[in-house]
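Here my numbering is used: position 100 in the sequence shown is 1542, and no number is missing along the way. Using N, Cα and C, we set each Cβ at its ideal position, and we do this for glycine too. All figures in this text were calculated on a predicted structure; none of them were measured in a lab. Okay, structure first, notes after.
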Amino acid sequence: MYTIPAGLSHDQDLVQRIEKLNAIGIALSAESDMPRLMEMILVGAKVITRADGGTLYTVADDKSLHFEIVRTSSLGINMGGTTKRAVQFKAIALYHRDGRPNNERVVAYSALNNETVNLADVYEDNGAGFDFTGPRMFDERMNYRTRSMLSVPMVNHEGKTVGVIQLINKQGGQNGDVIAFEDDDIHLVKSLASQGAVALTNKRLIDDLKALFDSFVKTIATGIDEKSPYTGGHCKRVPVLTLALADAASQADGALESFTLTEKERYSLEVASWLHDCGKLVTPVHVVDKATKLETIYDRITLIDTRFELLKRDAEIVMLKQLLETGLEGADAEGAVRNYHRELEDLNAERDFIRHCNKGVESMAPELKERVKAIAKRTWCNSDGETVPFFSEDELNNLLIQYGTLNADERQIINDHIVITNKMLKSMKFPRDMENVPEYAGSHHERMDGKGYPLGLTREEMSIPARVMAIADVFEALTARDRPYKDAKKLSESLSILGKMKQQNHIDPDLFDLFIEEKVYLPYAREFMDPELIDIDEPFEIPGYPFDME
């Protein structure tokens, strides 16, 4: 018989244990860490039954029971849960190799049949024919005596067994003897097992939904990267840099001392960094990938080359006609040939010049634009026999692009991706603790001086995480080696450009200083940049950075 603690009646003792059960149930509903949750269930079961030992098992793939938490107070055994000591025991199969249920093991029997098993003495009270080879081996090795045992299945609201609580050796007889588990113990543990099953199921459901959401987010990012071979990897690299700088900022002193980043806020920032370019899903590929000024679905420089070849052919025809029809001889013939070759040289030079302009690698100075316009005055004869301008109006306008390869309309299309990003993200029903995702993701093209887009926000109107992502997006673009319109820059050059952007009030000055001081750039560079481009590993004289050379 169980000896009730001195000064308490049976009812008072039961009330105390029920109160402990209620307290455990309340704690379970608030716990989000799975190992700690399982530990609370087992330790709680031990406390309310005064069991010396216990094990919590979980069902894995409906095929086996995994040891999650193991405790034996008298032996000082503490494995699993928050102990950081892994449970070394092998999983228990629920079925034999031939498919028969493993009803010989008590814990497997409980799981398979949703039945509670209560044994006063495992070695003597074994009419069910259970196999206690495992407990015997444990007892011999540890100089222990397993006696009373209680196995209670953890059944969730769907009637599915998600685990088993097994308790060993109830303490409470005279002189601390081991006694059998009583009906009150069974009722209390069943109640706890039911609450625990619901808590575990809810936690797994939350984890599964989070895993599904994460995979969906990364699928979108992968789709964006795969859409263009020239920006492939951008959506995967920006999160790495964003989180690295955000983590550094959350630990910084000085101007950023008040900035903190909770686990949930960090997760929101991670999601935002994966989705920051989701609007590019609707951006035309030929605009995203536009490597030259004349490129549309294809690079129209080939058409220009063909026209130059036609003009050279026409020049040759003119020369030959002069020689054949007018009978030029001697010096006159040589002059016609020289004129022809001079025309070829001019055409080849103009063709090479247009090819160079088409790449958009340098700013178009006024004299360069004038030369393009002069070439545009040429004409050629098309397949219909019509004499037409050498360049179409659209071709000429594109060749005159001041910077890069995008014309004003195309640049607006590119810029609109952030508008679409905002529209897409604001249409999503984020939970309350993730409601800042649209702001984080949708502000990475804003500037501290309010000259960015799409909203023209100033530094004071942007959150620190949004400012972090703005720096990450720029630095990734500077160092990327897969852009069609530029070569990957060296690390020193990229940092210098970033420093100038600080001076121009483009990026956040405090975050830039931290980026340099803590060398946030260096691990990223070592992972994603070509080794030959990593030309520094220490801070140097960077524009906008107050580096003390002494």
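Straight through space, the alpha carbons of residue 1941 and residue 1966 are spaced by roughly 18 Å. One Cα belongs to residue 1530, the other to residue 1556, and the distance between them is close to 26 Å. Counting only runs of 3 or more residues that sit fully inside the segment 1490-1555, the beta strand (DSSP E) segments are 1493-1502, 1506-1514, 1519-1522, in chain order.
The Cβ atoms of residue 1882 and residue 1692 lie no closer than 8 Å to each other. In the three-state scheme derived from DSSP, where H, G and I count as helix and E and B as strand, residue 1910 is classed as helix. Taking C-beta separations shorter than 8 Å and ignoring five residues to either side along the sequence, the partners of residue 1933 in its chain run 1921, 1963, 1967, 1971, 1975, 1976, 1977, 1978, following chain order.
Around the C-beta of residue 1496, 16 or more other C-beta atoms lie within 10 Å, and the residue is accordingly described as buried.
When the Cα atoms are used, residue 1713 and residue 1589 turn out to be separated by approximately 52 Å.
Ranked by Cα distance from residue 1788, the first of 1813, 1472, 1498, 1639 is 1813.
Residue burial annotation: residue 1823 is exposed, with fewer than 16 other C-beta atoms found within 10 angstroms of its C-beta. Residue pairing by DSSP places residue 1560 opposite 1592 in a beta bridge. Residue 1860 is a Cβ neighbour of residue 1887, given a cutoff of 8 Å. Under the criterion of beta carbons closer than 8 Å, residue 1608 and residue 1593 qualify as touching, at roughly 5 Å.
Comparing alpha-carbon positions, the option among 1869, 1810, 1832, 1666 lying closest to residue 1842 turns out to be 1810. Inclusion of residue 1601 and residue 1639 in the CB contact set at 8 Å is not warranted, their separation being larger than that value. Looking at the DSSP output, residue 1823 sits in a beta bridge with 1829.
Taken through DSSP and simplified to helix, strand or coil, residue 1722 comes out as helix. Taken atom to atom, the span from the alpha-carbon of residue 1738 to that of residue 1846 is near 15 Å. Beta-carbon to beta-carbon, residue 1513 and residue 1490 are separated by about 14 Å, too far to satisfy the 8 Å threshold.
Annotation for residue 1832: 1749, 1817, 1818, 1820, 1821, 1822 place their beta carbon closer than 7 Å to its own, counting only its chain and skipping 5 residues before and after.
Uninterrupted beta strand (DSSP E) stretches at least 3 residues long and entirely within the segment 1627-1690 do not occur. The C-alpha of residue 1892 is placed about 5 Å away from the C-alpha of residue 1899.
The way I'd put it, the segment 1725-1742 doesn't touch the segment 1906-1919; fewer than three beta-carbon pairs between them come closer than 8 Å. Listed as beta-bridge partners of residue 1762 by DSSP are no residues whatsoever. Contact between the segment 1513-1524 and the segment 1473-1485 is present: three or more C-beta pairs spanning the two stretches fall below 8 Å.
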